[in-house]
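Numbering (UniProt numbering), first residue to last: 1 to 689.
For reference, the structure discussed in these notes is given below.
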Amino acid sequence: MAFKFFDLVVQYYPPCFSLYAEKILQSYEDILRKNQYYVEDKGKLRTTLSGLVRCLSLLPSKKPESEKGISGDRMIHAFEPDAPTANTGFSTIIKKLKELVLVLINCFQEFIPLLISMPQLDAQSFDCILSILQSIDIAEDDRYFILNIVITEIFLHLRGWICPSANLFEKFLEFIENALLGTVGFLKPSCIPLSGFFLNLLIEQFKGLIVDCSRELFGIVLGKICCSTRSGKAAWEKHVSSLLPFIPKLASEVETCWQSRILESFTQTFKGCNPESSLKLACLSMIEEMLIPNGDKHYTEASDTVVLDFQTVWIRELPLLLMLLGDRQPSSSQVVLRLLLRLGQFSGSNSFLFWEYENTQFALSEFYSTCEEGNIYYGPFMRLPRDCQELSICCLYYFSNLSALFLKSVALCCLCPQLEPFVSFRILEVLHAAYKAGHIQIADHISFFMTLLSRFKVFPENIDPVRESDVKVSNHGAFKSLTSVLCSYLSQMGDSSVVLQILDKAIIGLILLQPPLDNACAMLRVLIVLDSKPTRLSEQSIIALSNFLPGYLMDVVHCIPEDDVRTWRYYLLPCFFLFDRSNRILKLVLDVIGSFLTDSNLSLPSDTSTRYATDSLSRINATISLLLLMYKDIKVQKIISLFRTEVSSILQSIASLQSSEVKMTLEERHRFQCSFEQLKVVTSTSPAG
């Protein structure tokens with residue numbers, strides 16, 4: 001009763017222990033020295049040991065400096081903590097603690113014969129043994145197994161001093177193997193025996209006693225393994241992780257036969273446990289340790305085929321695990337991605353890791369996106385938080401040869417409207433760094449860029465300066481930034497003439513597909529960045545451009561108010577550069593415009609069709625506005641003055657059309673005549689070329 005009362009006092013007022021620690025420990029020592037005390041009444045012993053555990057838990061822990069908290073953090077609240085936070089006043093009871101350890105070990109040894117005589121371990125005996133081992137929070141079932149785990153952990157910690165026989169060691173290995181496979185009882189991670197200060201005292205001061213005690217207890221408890229009962233998978237996943245920290249060392253020390261068995265059981269645990277469980281995270285931590293021991297970039301790679309086979313399985317499971325996790329457990333996905341990143345970082349110094357990491361890109365494609373029969377399916381990458389996306393993007397750099405298929409899956413993510421522009425730009429940054437490191441073929445890199453420029457969906461599609469400024473309803477600004485970045489990267493890829501030679505036919509082919517204005521403008525800007533004066537474009541490209549540009553130019557001036565100089569210059573400037581670098585392009589463009597004005601149905605060639613200036617009046621008005629804008633640009637004005645004949649022909653066609661074939665309201669005719677008169681004045685007063 002006294003111990004129960006004292007236990008309540010310590011429980012609700014912990015500082016009282018520090019005031020009388022030496023006397024309290026002496027009282028516990030006196031009680032435990034009485035053999036009959038725990039032989040006759042195990043209930044009292046359990047109460048006594050429970051109180052002792054509580055007292056010992058109040059002792060200050062010895063942590064590395066890096067783990068100590070900042071003292072200022074404790075002053076956030078108005079009250080100081082009840083438990084001591086430093087080794088204040090406890091140095092005087094070290095001797096008493098050492099004496100208590102001797103008594104506890106003696107108590108442990110005295111209790112062993114009771115275990116031998118029992119047909120089955122009862123609850124009180126179990127609690128007594130477990131309390132002696134400084135374990136808490138006991139599960140009601142699987143008692144023998146929990147106790148076995150406690151002893152196994154002690155054994156693995158102290159195996160070097162115990163020097164067990166081969167038979168005894170194999171019993172432990174078999175126990176570990178079965179535990180990992182889930183064929184015997186279950187662990188509890190919190191049941192770490194003799195931990196902290198208490199365990200350190202045992203190790204340093206009482207090696208001999210530990211050896212004697214452990215050898216005897218191991219034989220008894222291991223003999224009862226078969227009596228364990230099996231619980232559910234959730235319980236197994238909860239408890240088995242306390243064995244995992246010993247796996248890397250065991251796998252490196254045991255014979256080949258046991259190495260294979262231990263690694264096989266570990267692998268089955270890794271593959272079979274819940275993807276979202278803490279056990280899966282613990283397995284990943286051990287896998288990292290076995291793949292990259294101590295995080296050493298210069299370690300010697302494993303040559304044992306047994307180990308390599310299991311490492312292959314682990315690495316190939318990682319992309320599959322990412323897909324299983326989806327976006328439900330971002331913290332778990334982050335662990336997997338960080339492990340993949342570390343594998344990539346260390347793969348350069350390890351031929352095995354190099355090839356296995358390289359092969360993961362095919363499985364990782366699905367993590368980004370897939371395309372089947374024209375339908376795009378986005379993977380978890382799109383839905384994960386930015387820190388996970390950043391890790392997965394960094395992984396891209398370490399593939400030595402990024403495949404075109406993998407780049408396509410990444411490109412589809414960049415084209416998704418839901419992806420934040422920052423993430424798209426980060427992908428481009430990493431991929432361009434990978435290209436410069438020789439990890440991407442130039443053709444694949446250029447193809448990736450052109451895919452983005454040609455397939456990016458700008459909304460709203462029509463150019464609307466008012467809506468364009470509203471980022472909530474428009475991504476015009478993001479696409480302009482993307483175009484600028486890609487043009488910059490393309491200009492850094494080496495000799496511009498060589499890059500242009502590679503891109504020339506591809507860009508012209510895409511332009512002739514009549515893309516939306518923004519996409520067409522982006523590709524024209526790429527041509528301008530790579531081209532020079534005089535132009536290096538092929539004759540075939542010049543002819544193709546001269547057929548495309550009239551429709552593009554008319555659509556631009558039709559959609560943009562003439563007074564919005566900034567916007568129309570953005571879309572027209574690439575064309576003006578082309579005219580400056582090749583006067584022939586401008587002449588051909590004027591010829592195409594003139595030919596469609598003289599045609600009876602005012603139709604442009606099929607490859608020169610417009611998207612917005614679709615009716616006759618709008619095309620005539622667009623032609624007038626276009627010529628006026630050309631004359632406003634000083635450089636283009638000088639060039640267009642060289643083609644007075646072509647311009648005069650256009651003016652004559654407009655004059656004849658407005659008087660005969662085009663129907664207009666009075667208001668439309670008035671606006672038309674004003675613009676037309678302005679154009680005639682401009683053309684007549686401009687200096688001759």
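Ideal placement from N, C-alpha and C gives every residue a C-beta, glycine not left out.
Quick caveat, the model's predicted, so the values are computed rather than measured.
When we look at the beta-carbon of residue i and count the other beta-carbons within 10 Å, is it buried (16 or more) or exposed?
i, result
"S491", "exposed"
"V466", "Any reading at V466 must be qualified, since the residue scores a pLDDT of 45, below 50, and its modelled position is unreliable; the value itself is stated next. Answer is exposed; the Cβ neighbour count stays below 16."
"L173", "buried"
"Q311", "buried"
"C559", "buried"
"S214", "A caution first: S214 carries a pLDDT of 45, below 50, which makes its placement in the model unreliable, though a value can still be read off. Buried is the call here."
"A437", "exposed"
"A655", "exposed"
"K297", "Its pLDDT being 47, under 50, K297 is placed unreliably in this model, and the value from its coordinates should be taken loosely. By the neighbour-count rule (16 or more Cβ atoms within 10 Å), K297 is not buried but exposed."
"I446", "buried"
"S18", "buried"
"P460", "exposed"
"I76", "In this prediction, I76 scores a pLDDT of 36, lower than 50, which makes its location untrustworthy; no coordinate-derived value is stated."
"E153", "buried"
"V681", "exposed"
"A411", "buried"
"V307", "buried"
"K280", "buried"
"H239", "buried"
"K171", "buried"
"P385", "exposed"
"C371", "exposed"
"I70", "Residue confidence for I70 is low, a pLDDT of 38 falling below 50, so the modelled location carries little weight and cannot support an answer."
"T305", "exposed"
"P417", "exposed"
"Q652", "exposed"
Per DSSP, which one or two residues make a beta bridge with residue i?
i, result
"I376", "C371"
To the nearest whole angstrom, what separates the beta carbons of residue i and residue j, a pair I think is in contact under 8 Å?
i, j, result
"L530", "M450", "No, L530 and M450 are not in contact; Cβ-Cβ is about 12 Å, not under 8 Å."
"L407", "F367", "That belief does not hold up - the Cβ atoms of L407 and F367 are roughly 14 Å apart, past 8 Å."
"V498", "S546", "About 25 Å; that fails the 8 Å criterion."
"M382", "C413", "6 Å"
"C257", "T269", "Not quite, the Cβ-Cβ distance comes to about 19 Å (not below 8 Å), so this is no contact."
"F576", "D495", "About 25 Å separates the two Cβ atoms, so there is no contact after all."
"K96", "L181", "With a Cβ gap of about 45 Å, K96 and L181 do not count as contacting."
"E22", "E99", "No, E22 and E99 are not in contact; Cβ-Cβ is about 11 Å, not under 8 Å."
"A544", "I502", "Not a contact, Cβ separation roughly 17 Å."
"I620", "L657", "6 Å"
"R54", "Q11", "6 Å"
"I292", "F266", "Not really, about 17 Å apart at Cβ, beyond 8 Å."
Are the beta-carbon atoms belonging to residue i and residue j less than 9 Å from one another?
i, j, result
"L353", "V336", "no"
"L573", "L553", "no"
"L453", "V556", "no"
"L482", "S403", "no"
"L396", "A434", "yes"
"L628", "Q678", "yes"
"D7", "G51", "yes"
"A522", "F456", "yes"
"P164", "F155", "yes"
"C388", "S333", "yes"
"L428", "V485", "yes"
"E177", "I262", "yes"
"A251", "R316", "no"
"P687", "K638", "yes"
"K480", "Y357", "no"
"S541", "K505", "yes"
"M664", "F672", "yes"
"T623", "S648", "no"
"S369", "I376", "yes"
"P550", "S582", "no"
Note to self: With a threshold of 8 Å, are at least 3 pairs of Cβ atoms found where one atom belongs to the segment 314–328 and the other to the segment 269–278?
What the structure shows: yes
Notebook entry, point to check: Okay, do the segment 338–348 and the segment 372–386 touch, 3+ Cβ pairs below 8 Å being the bar?
Noted result: no
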